[in-house]
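Report on one structure; see the data block that follows.
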Amino acid sequence: MFRNALRVAADEEEETRTVDLQVGRSVHTVSGAMRTELWMSVLARNRGAGHAAAREYPEMLTRARPAVVDDSIEKDVGRTFPRVKRFTTPTGLASLERVLKAYAALDPEVNYCQGMNFLAALLLVWLPREDAAYGALVVLMRERGLRSLYASDLAMLQARLWQLGKLLPPRLAQHMEAFGTLPVLYASSWLLTAFSADFPLFFSARVMDVILSDCYLMPIMKVALGIVLACGDELLGMHDMEAMVDLLRFGVPQWPHERLQVLLTEALAAEWTPAQAAVLRRVSGVESVHDAVTRTSSAQNGVRPSAPAPPEAETPDAARPPPGWDQG
Numbered sequence: 001m002f003r004n005a006l007r008v009a010a011d012e013e014e015e016t017r018t019v020d021l022q023v024g025r026s027v028h029t030v031s032g033a034m035r036t037e038l039w040m041s042v043l044a045r046n047r048g049a050g051h052a053a054a055r056e057y058p059e060m061l062t063r064a065r066p067a068v069v070d071d072s073i074e075k076d077v078g079r080t081f082p083r084v085k086r087f088t089t090p091t092g093l094a095s096l097e098r099v100l101k102a103y104a105a106l107d108p109e110v111n112y113c114q115g116m117n118f119l120a121a122l123l124l125v126w127l128p129r130e131d132a133a134y135g136a137l138v139v140l141m142r143e144r145g146l147r148s149l150y151a152s153d154l155a156m157l158q159a160r161l162w163q164l165g166k167l168l169p170p171r172l173a174q175h176m177e178a179f180g181t182l183p184v185l186y187a188s189s190w191l192l193t194a195f196s197a198d199f200p201l202f203f204s205a206r207v208m209d210v211i212l213s214d215c216y217l218m219p220i221m222k223v224a225l226g227i228v229l230a231c232g233d234e235l236l237g238m239h240d241m242e243a244m245v246d247l248l249r250f251g252v253p254q255w256p257h258e259r260l261q262v263l264l265t266e267a268l269a270a271e272w273t274p275a276q277a278a279v280l281r282r283v284s285g286v287e288s289v290h291d292a293v294t295r296t297s298s299a300q301n302g303v304r305p306s307a308p309a310p311p312e313a314e315t316p317d318a319a320r321p322p323p324g325w326d327q328g
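Shown next as structure tokens:
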């Protein structure tokens, strides 16, 4: 799922010196230290979980964890950002390992899942203090909703993937489904790692600016939708699942820096329509990944499903966006 991490360029570290910072609706080319200050400010908020978590970091390091959890973390840290300088040294790898083990101790229900290593590593690039990176990881998981994606039943991840498919224009969605190109094939790692496993550091860090500062609602979904829409015409001209997935997973991350910046700016500035807001409210009773794969496979093979899926009932207020959706 996370093969693209190997494509993160070795010179990405240079981009931490000056950054394109996402603050509200503005993007500024500023010193990388400004990003550190922005992210640190999240931890300083009185009501946030990050500041308290950072203070408890030393204690979390002393708590016992299941051996299998430690083994998984130790296996994954070395292949997180193998070409980013910080994580090619024993010191950098040990730092990432400790942050992940501390979170596993804090949250025994989730412990550690693949994908969390990329979140923690991205945070450590601009928050070199381990306690701060750990505090920011707690904010992401507990206050920004990423924890729900890592639940053992994957229910929320499957719901977000279903939502992404429903947010696509009907013609594009139908074309992609006709060749079995479902969101699970290209977007799972986007959602689980906030794009950090697939895209250059400058891209995923700018998304992280928005998530941590809580400037936009559902920013990960906005960017995921924006990526697919940016490839819409090209996807409509393709008639092969692998070609579509390769474009989205491996082609787009190789776009020029400026093109990716424009993609981000346009995606984050887009307003959710009432219909899209209604889709994003639905998290239960949606089609599972298994059922979606079965349905599209049956359609490709000309097999009629044994029983039609029940109609999707709209929520009573589906036409009315919830409070705050128009503030994106």
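Under the working numbering, the first residue of the sequence shown is numbered 1, with each subsequent residue one higher. Quick reminder that beta carbons are idealized off the backbone N, C-alpha and C, glycines included.
What first and last residue would you give for the alpha helix (DSSP H) that runs through Lys75?
-> 67-77
The alpha helix (DSSP H) with Arg63 in it runs from where to where?
-> First-last for Arg63: undefined, no H or E at that position.
Closest residue to Met116 among Tyr150, Glu130, Leu247 (Cα-Cα distance) = Checked all of Tyr150, Glu130, Leu247; the closest Cα to Met116 is Tyr150.
Ala269 versus Val138 - alpha carbon distance = Approximately 27 Å, taken between the alpha carbons.
Would the beta-carbon of Leu235 fall within 8 Å of that of Met244?
-> yes
Beta-carbon separation of Asp76 and Gln114 under 8 Å?
-> yes
Check whether the Cβ atoms of Phe203 and Leu247 sit closer than 8 Å, and answer yes or no.
-> Not in contact: Phe203 and Leu247 (Cβ atoms no closer than 8 Å).
According to the Cβ coordinates, are Ala54 and Ala132 closer than 8 Å?
-> yes
Three-state secondary structure assigned by DSSP to Glu312 | Residue placement at Glu312 cannot be trusted, given a pLDDT of 47 that sits under 50; the coordinates are not used to answer.
Limits of the unbroken alpha helix (DSSP H) element including Trp190 = 188-193
Return the CA-CA distance between Pro170 and Ala178, expressed in angstroms with no decimal places.
-> Between the alpha carbons of Pro170 and Ala178 lies a distance of about 12 Å.
Please report how far the alpha carbon of Asp214 lies from the alpha carbon of Arg144, in whole angstroms.
-> Taking the straight line joining both Cα atoms gives about 8 Å.
For Ser199, the three-state DSSP class (helix, strand or coil) = The sequence shown places Phe at residue 199, not Ser. Coil at Phe199, not helix or strand.
Return the first residue and the last residue of the alpha helix (DSSP H) that Asp246 is part of.
-> 241-246
Give me the Cβ distance between Gln158 and Ser288, rounded to the nearest whole Å; I'm assuming they're in contact under 8 Å.
-> Rounded to whole angstroms, the Cβ separation of Gln158 and Ser288 is 5 Å, and the two are in contact under 8 Å.
Terminal residues of the alpha helix (DSSP H) in which Met156 lies | 155-167
Does DSSP put Trp255 in a helix, a strand or coil?
-> coil
Could you check which residue in Thr181, Val286, Ala33 has the C-alpha nearest to that of His239?
-> The residue with the shortest Cα to Cα distance from His239 is Thr181.
Is the segment 34-49 in contact with the segment 72-91, if contact means three or more CB pairs nearer than 8 Å?
-> Contact fails: fewer than three Cβ-Cβ distances are below 8 Å.
So Leu140 and Leu119 are in contact, right, with Cβ under 8 Å, and what is the actual spacing, rounded?
-> 6 Å
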